[in-house]
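What follows is a short report on a single structure.
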Amino acid sequence: MFDRHTLRTTMPTAPVVLALLAVGLVIVAEARSGSSWRSSAALLVAALVGAAALPAVRRSFALRTAKQADRVRLVASLDELAAADLVRAKAIAADLPPALSVPLGEALAPLEVLASRIQSSSVEVAGAAGAVKRIASELAAGSSEQSASVVEITAAMEELAQTATQIAGNAEAQAELARLGEATGNEGAAAVGRAVAGVERLRERIAAIAKRSADLERRAEEIFGVLALVEDIARETHLLSLNAAIEAAGEAGDVGRRFGEVAEEVRRLSGRSRDAAASVRRLLEEFSTSIAATVEATSAGGREAERVLLRVTATAGAITGLRDALVETAAAAREISAGTSEQRTASLQVVQTLREASSVVQQIADGLRGFSGAARDLEEAAVSVQLLAQGFRLDSPSSLRHLAESWATELRPLLASPDALERRLESLLEERPDVELVFVNDRRRQRTAIVGQPALLRLVPIPDEIRFGRDFSDRPWFRAAAAERRGIVTSVMTSILTNEKVVTAAAPFFEDGELVAVLGIDVNLERWTSG
Amino acid sequence: MTAGFLIVRRAGALWGLPAAQVAGIERVERAERLEGAKQAGEDSATRRLELRLADGGSLAVDAVLTLAGELRVQPVSARLRRFLPAGSAGLALLAGEPVVLMAGKDEVFHV
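Residue numbers (numbering that gives the first Met the number 0), protein chains in the order written: chain A, 0 to 530; chain B, 0 to 110.
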């Protein structure tokens, strides 16, 4: 019933006691001075009544004052609640009377739980959305690559089909040529057969000519025999005529003369016979020479015909072999043509199938690109919700406002020592790998303590003009922190170090109500949500 | 000029014998063996002509060409005579060929 607060407000205070003492002294003084003790008593009674009533008055005044202060604190707590700073709201509400703090606490608790869950869930949702977006992007990229590969394969298969078509055409032409070659080979073989038959007939005729020439030669020999006989007769006749002439030369008179004339006539006849026989012999010898030449020519012709027959026979064999080879070639060419035609057909079917597959893959790629776009939208929405949830300051690792406020509280004593400030920033940075950059812009000293993740600074070192003399009051995080006079979280921006998405949690430093510095924490969005 | 010479060929030369010394002409066969190659168309037996002389002898000749009625006898000089057999009456031309005219047969054998 009487709590500390009630007791404090109802116990008489020192001024009341002094007042009673003062009245008592006055009464004593008056009594000693002989003044009327009644007025003094009245004054004392009045003082006692006043003293007795003063606590009540005071209590009433205290209660009124306390209620006013509670109202102020309540309003302040509600103001902090309106600013979504549940940490400060709870801290202020803790100083309220139980009648206020308890229900307010009971109201803040579920809200804090809800906000905390919303913050953590939004981080998880943003992380999941980011993962979905990455997967969707990878799927879209992979599908695009697959689509491009299918297009390339389709183009290659089309070229293959075209090549197969050309090959099939060439094979068909080759088959036709082989067929013509086969037919030509058959004709050649037939021609060679006819030639062989012709040479055979020629050889037979030559043999017949040789036989007839031999017969002629035998007849000529017989004629030579008869001619020799005639020549013998002519010689004998000549001898006879010479004998007769000799006898006639030995006879005198007409008998001898006539005998000599007869002998002379016989001798002339024998001479004519001999001349005729010589002419016949010359003719016969010429005839025999011609016959011999003819025989020789026919023999040579026969031998040549024999050689020709042998060559023709060999040629016939070669042509027959060539024809057989052409037949086989034609058959092989027909098989090749049929095979290439089938290959062409199969290639065309494959091309058609690949085209259909390409269309499907393209549709899938389009769908995945759309899904990727939806995933990006989802991620953006999730980030928006996440940042919206960051509007609450909660005593939670998920609350960036609380992070900035707590780091600001911790760093406030180090503002005067930039080196110590940066060392502490480095140690804080080690605890948060999702933070790219943390900096404190001290307006009074015109200096910025700035620390970044070592791996990132190897790529982009911080220039000195950032640390000294740079005015960041135009930056969104500075303006928002200065305007809100509390921790804030900016919207999504692009990191100057990594070119990735970051948000900046900022908290102001005030001294005597004046803004002296602002803390900025660049949080990598992806590492924050995936962390 | 003389008449009645029987022109014969013997040992490659033409001889003229007086017709009065020749009784007749006969063809005889004698077996002659030719050593060495056998001539084509020739038998081992050779038919030759033989003059039957008026004194009963005979003279084998290769051929009897003709009975020349008139021949112009060309006298030969002493330098040329030593190449002719003794008993030759001189040279004559018959169809452009020289003929050694003989007076008797004995000289002919020395040819």
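Ideal Cβ positions, reconstructed from N, Cα and C, are used throughout, including at glycine.
Have a look at residue i and residue j and give me their C-alpha separation to the nearest angstrom.
i        : j        : result
A/Leu514 : A/Arg443 : 9 Å
A/Arg400 : A/Ala381 : 18 Å
A/Arg392 : A/Ser76  : 13 Å
A/Thr339 : A/Ser358 : 28 Å
B/Leu100 : B/Arg51  : 18 Å
A/Arg70  : A/Val86  : 19 Å
B/Ala67  : A/Ala277 : 22 Å
B/Val7   : B/Leu64  : 5 Å
B/Gly3   : A/Glu295 : 51 Å
B/Leu13  : A/Leu239 : 20 Å
A/Arg533 : A/Glu123 : The structure shown does not extend to residue 533 of chain A, since chain A is modelled only from 0 through 530, so no value can be given for it.
A/Leu458 : A/Ser136 : 26 Å
A/Pro460 : A/Ala90  : 41 Å
A/Gly486 : A/Asp521 : 13 Å
B/Ala85  : A/Arg281 : 41 Å
B/Ser57  : A/Ile208 : 53 Å
B/Gly35  : A/Glu264 : Annotation note: pLDDT 43 at B/Gly35 (below 50); position unreliable, no value reported.
B/Glu28  : A/Glu235 : 14 Å
A/Val517 : A/Leu402 : 14 Å
A/Ala247 : A/His237 : 15 Å
A/Arg193 : A/Glu303 : 18 Å
A/Leu99  : A/Phe471 : 42 Å
A/Leu47  : A/Arg57  : 15 Å
A/Gly301 : A/Lys210 : 12 Å
A/Ser289 : A/Arg217 : 13 Å
A/Thr528 : A/Leu386 : 11 Å
B/Arg47  : A/Ala206 : 43 Å
A/Gln361 : A/Thr153 : 13 Å
A/Val491 : A/Ala65  : 45 Å
A/Glu430 : A/Asn523 : 14 Å
A/Val74  : A/Val44  : 43 Å
A/Val501 : A/Gly519 : 12 Å
A/Thr312 : A/Ala299 : 19 Å
B/Glu49  : A/Ala213 : 39 Å
How would you label residue i, buried or exposed, when you count the other beta carbons within 10 angstroms and need 16 or more for buried?
i        : result
A/Leu179 : exposed
B/Asp54  : exposed
A/Ile318 : buried
A/Phe438 : buried
A/Asp253 : exposed
B/Pro17  : buried
A/Ala388 : buried
A/Gly184 : buried
A/Ala79  : The sequence given here places Glu at residue 79 of chain A; Ala does not occur at that position. Classification for A/Glu79: buried.
A/Asp545 : No information on residue 545 of chain A is available, as it lies outside the stretch 0 to 530 that chain A covers here.
A/Thr352 : exposed
A/Phe509 : exposed
A/Pro475 : exposed
A/Val112 : exposed
A/Ile495 : exposed
B/Leu5   : buried
Do you know whose CA, among the options, lies nearest residue i's CA?
i        : options                                : result
A/Val225 : A/Ala275, A/Ile449, A/Glu264           : A/Ala275
A/Ala345 : A/Gly141, A/Ala160, A/Ala108, A/Val149 : A/Ala160
B/Leu93  : B/Ser57, B/Val60, B/Gln73              : B/Gln73
A/Gly468 : A/Arg484, A/Ile461, A/Gly486, A/Arg446 : A/Arg446
A/Ala262 : A/Ala190, A/Ala244, A/Trp476           : A/Ala244
A/Ala227 : A/Arg217, A/Val265, A/Val279, A/Ala213 : A/Val279
A/Leu215 : A/Ala188, A/Ala291, A/Ala505           : A/Ala291
A/Gly372 : A/Ala55, A/Ala163, A/Leu95, A/Lys132   : A/Lys132
A/Ala163 : A/Ala233, A/Val229, A/Pro417, A/Glu341 : A/Glu341
A/Phe286 : A/Ile222, A/Ala189, A/Asn523           : A/Ile222
A/Gly187 : A/Gly141, A/Arg72, A/Asp94, A/Leu321   : A/Leu321
A/Leu283 : A/Glu409, A/Arg411, A/Glu220           : A/Glu220
B/Ala19  : A/Glu483, A/Arg411, A/Gly249, A/Arg257 : A/Gly249
If contacts are defined as beta-carbon pairs under 8 Å, then residue i and residue j qualify, I think. What distance do you get, rounded to the angstrom?
i        : j        : result
B/Ile24  : A/Leu241 : 5 Å
A/Thr489 : A/Thr503 : 4 Å
A/Glu499 : A/Glu525 : 6 Å
A/Ala182 : A/Ser336 : The pair is not a contact, with the Cβ atoms about 17 Å apart (cut-off 8 Å).
Any heavy atom of the ligand SAM closer than 7 Å to the Cβ of residue i?
i        : result
A/Phe258 : Ligands in the displayed structure: none, and consequently the ligand SAM is not present.
task: For the stretch 99–107 of chain A and the stretch 115–132 of chain A, state whether three or more C-beta atom pairs, one from each stretch, are separated by less than 8 Å.
output: Taking a cut-off of 8 Å on C-beta distances, the stretch 99–107 of chain A does not touch the stretch 115–132 of chain A, as fewer than three cross pairs fall below it.
- prompt: How do the stretch 194–210 of chain A and the stretch 304–320 of chain A stand: do at least 3 beta-carbon pairs fall below 8 Å, yes or no?
  reply: Three or more pairs of CB atoms, one per stretch, sit closer than 8 Å, so the stretch 194–210 of chain A contacts the stretch 304–320 of chain A.
query: Are at least three pairs of beta-carbons, each pair with one atom in the stretch 417–431 of chain A and one in the stretch 132–145 of chain A, less than 8 Å apart?
result: Taking a contact to require three or more Cβ pairs closer than 8 Å, the stretch 417–431 of chain A and the stretch 132–145 of chain A do not qualify as touching.
field: Three CB pairs or more closer than 8 Å across the stretch 312–332 of chain A and the stretch 167–181 of chain A
entry: Three or more pairs of CB atoms, one per stretch, sit closer than 8 Å, so the stretch 312–332 of chain A contacts the stretch 167–181 of chain A.
- request: Would you check if there are 3 or more beta carbon pairs closer than 8 Å linking the stretch 371–380 of chain A to the stretch 128–140 of chain A?
  value: Yes, they touch.
task: State whether the stretch 425–436 of chain A contacts the stretch 444–453 of chain A, with contact taken as three or more CB pairs (one from each stretch) at a distance under 8 Å.
output: With a cut-off of 8 Å on Cβ pairs, the stretch 425–436 of chain A is in contact with the stretch 444–453 of chain A, counting three or more such pairs.
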